[in-house]
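Structure, as structure tokens:
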């Protein structure tokens, strides 16, 4: 057989395989019925970009899988909580009592989800926390599930990576202490780092953006740390980075999950200011996609969206919607849909996410990998290592 004929045959086989794969997907006839699902997220205030990016991810996943197996569609009821715990509780009450939603997805931070968790059992509506990662959010309620990895895992991996892979002995921590997520990370990182014979040279708490960062960092520098661990939001990180430049000090820096996504969701600071920092995150741009991930990429391209505009918040929104559809499909015959969905998620093993497998334990906490990346000045993250 001529080589050109062989290439033609292989091309035809590839096209046929693609066609058969897509043709084999079940054709779902819309039933006309809708199931109400609540979305709680910040859509105003300083963190509005987080809610917008997360909702965009849900809409992408919804376009890919618009119906349940029985043809029902999901109707999204969206409420802005401004990432304020009191507003989050009000949103929960409104969704449960006025809109009678069957399930809720929440994009707000750990402080808001911790507040919601204290009320969730009263309404018996499953709440999927898409971003929040404080380990106590699933302890407060049997109806709150956590899609992201938890802070104990994150802090432990970060501490062990710094000690065992970077071979660094001395770390200083600067933490945004009024935030439950960041404070837990700082305390757990410190504990784990000391357990492997590392030294914490300083733990400095910050509560306001307006303070003398140059003076603070001069004191920290005098104790000669090899790395700065900075569990704090982007406003604090920008001030710290600016002060480091003024001091002409360029230590190794590690930040926590979601920071790159937060930077991409705002316009106040340039993408480049995090360049070179190490970051723990849920994803990396150059990790391999699952089959579900490839389907989403095709959907994103079909919608004309630039891939680099999407970050962790959007990706977790895509996964959260797909997870809810999966759980609902297990409960189509149930007379107590919310209870069934809650039980279904708690028992999920090996759910296919965008770039890996996700399982849930009996507490509603997810078990999934995390990655350590190097942040680049163009808004991407270069993959270093994946940890399960």
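Numbering (my numbering), first residue to last: 18 to 405.
Here a beta-carbon is modelled for each residue, glycine too, at the ideal position from N, C-alpha and C.
Here residue 359 carries a helix assignment [DSSP, helix/strand/coil]. The beta carbons of residue 109 and residue 124 sit about 14 Å from each other, so the pair does not count as a contact at 8 Å.
When DSSP states are grouped into helix, strand and coil, residue 198 belongs to the helix group. For residue 84, the three-state secondary structure derived from DSSP is strand.
A distance below 6 Å between beta-carbons, with the five flanking residues on each side excluded, links residue 344 to the following residues of its chain, in chain order: 358, 361 and 362. Put simply, the segment 145-160 does not touch the segment 222-235. Fewer than three CB pairs are less than 8 Å apart. Around residue 237, the same chain offers 189, 191, 218, 219, 221 and 245 as residues with beta carbons nearer than 8 Å, after the five sequence neighbours per side are excluded.
With the rule of 3 Cβ pairs closer than 8 Å, the segment 281-296 counts as touching the segment 392-403. Rounded to whole angstroms, the gap between the alpha carbons of residue 120 and residue 339 is 13 Å. Note on residue 320: under 16 other CB atoms within 10 angstroms of its CB, so exposed under the neighbour-count rule. Note that the C-beta distance between residue 333 and residue 165 is below 8 Å. In this structure, residue 58 places its C-beta atom within 8 Å of the C-beta atom of residue 68. Cβ contact annotation for residue 201 (same chain, cutoff 7 Å, sequence separation greater than five): 151 and 168, in chain order.
Only buried fits residue 271, as 16 or more other CB atoms lie within 10 angstroms of its CB.
The beta carbon of residue 280 sits closer than 7 Å to those of 251, 286, 288 and 291, all from its chain and outside the five residues before and after it, given in chain order. DSSP places residue 129 in the uninterrupted alpha helix (DSSP H) bounded by 127-140. Counting C-beta pairs closer than 8 Å gives fewer than three between the segment 365-372 and the segment 263-277, which falls short of the contact rule.
Residue 241 and residue 185 have their C-alpha atoms roughly 12 Å apart. The Cβ atoms of residue 171 and residue 381 do not sit closer than 8 Å to each other. The alpha helix (DSSP H) runs of length 4 or more contained entirely in the segment 249-287 are, from start to end of the chain, 251-264 and 276-281. Every beta strand (DSSP E) stretch that sits fully inside the segment 49-115 and reaches 3 residues is listed by chain position as 51-58 and 90-97.
Residue 387 and residue 298 have their C-alpha atoms some 6 Å from each other. With a beta-carbon spacing of about 25 Å, residue 74 and residue 364 fall beyond the 8 Å limit used to define contacts. Counting of Cβ neighbours within 10 angstroms places residue 88 among the exposed residues, the total staying below 16. Exclusion of the five residues before and after residue 111 leaves 96 as the residues of its chain whose Cβ lies within less than 8 Å of its Cβ.
Counting every other CB atom within 10 Å of its CB across the protein chains shown gives residue 102 a total of 16 or more, marking it as buried. Beta-carbon to beta-carbon, residue 138 and residue 105 are separated by about 16 Å, too far to satisfy the 8 Å threshold. Within the same chain, 388, 390, 398 and 400 come within 7 Å of residue 301 by CB-CB distance, once the 5 residues on both sides are set aside.
Collapsing the DSSP output to three states places residue 204 in a helix. The Cβ-Cβ distance between residue 116 and residue 55 falls below 8 Å.
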